[in-house]
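Numbering (the UniProt record's numbering), first residue to last: 1 to 267.
Structure (structure tokens):
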């Protein structure tokens, strides 16, 4: 058996435990013999994770559920395989259910034609739905569910004491989860989710990618200001609320304003 290397009491991150990054962060949350997984990653790494869990001496029969932070392929492609191997259930936000049960390759970002990305997205039945404020129990441990939309409409975070398993909301370098209309991004909702994290008394953020780090209000402030600016940027297309440049253009056209430094040609 392998010695367990929990990052916090009752929380093991399986890549850190394995000593190598196999994919997105996969959190094993446990109390006594009962345990669950938050995310599972790609299908090709499921065998490695399951074998690691076996070597850590967690009884497969005591796996309470597999929880999806959201429905992006890099987090959930392996759900169907892991569910079968562990003979357990799957838990997700209501907004992720149709996507996961249909194996929707577009909304999960498994299919991106322009980049020649063509991944399988196995269908999986969702037995349990959770929303903001729900409590998931593992033994005597309570996991508080936060709905933190923005990256996707189904994005969940999970509070365990002073730790927030924060999904793709924010990473240690101030980056955030990709904003893309195809998987249900919402910039305004993203700002509100980041503000919630910043204003909370959570001490540690354990994201779905990259290292765990302290909840730093200054870092969150800088990110919030940047993301708020996206609401008025054409870069984000239909996800932006407005494009002030076009208002200026309408005014200039109506007034016949020439470009700065350019004189009208002689008649």
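All C-beta atoms, glycine included, are put in the ideal place defined by N, C-alpha and C.
- DSSP, read as helix, strand or coil, puts residue 27 in strand.
- In the three-state reduction of the DSSP assignment, residue 45 falls in the helix class, which pools H, G and I.
- Looking at the DSSP output, residue 205 bridges to 164 and 213.
- Taking C-beta atoms as the reference points, residue 182 and residue 107 count as a pair closer than 8 Å.
- For the 8 Å CB-CB criterion, residue 164 and residue 29 do not form a contact.
- Three or more Cβ pairs drawn from the region 77-86 and the region 33-40 lie within less than 8 Å of each other, which places the two stretches in contact.
- Taken through DSSP and simplified to helix, strand or coil, residue 243 comes out as coil.
- The Cβ atoms of residue 250 and residue 168 lie no closer than 8 Å to each other.
- DSSP places residue 263 in the coil class of the three-state scheme, outside both helix and strand.
- Pairing residue 100 with residue 49 gives a Cβ-Cβ distance that is not under 8 Å.
- The bridge partners DSSP lists for residue 8 are 11.
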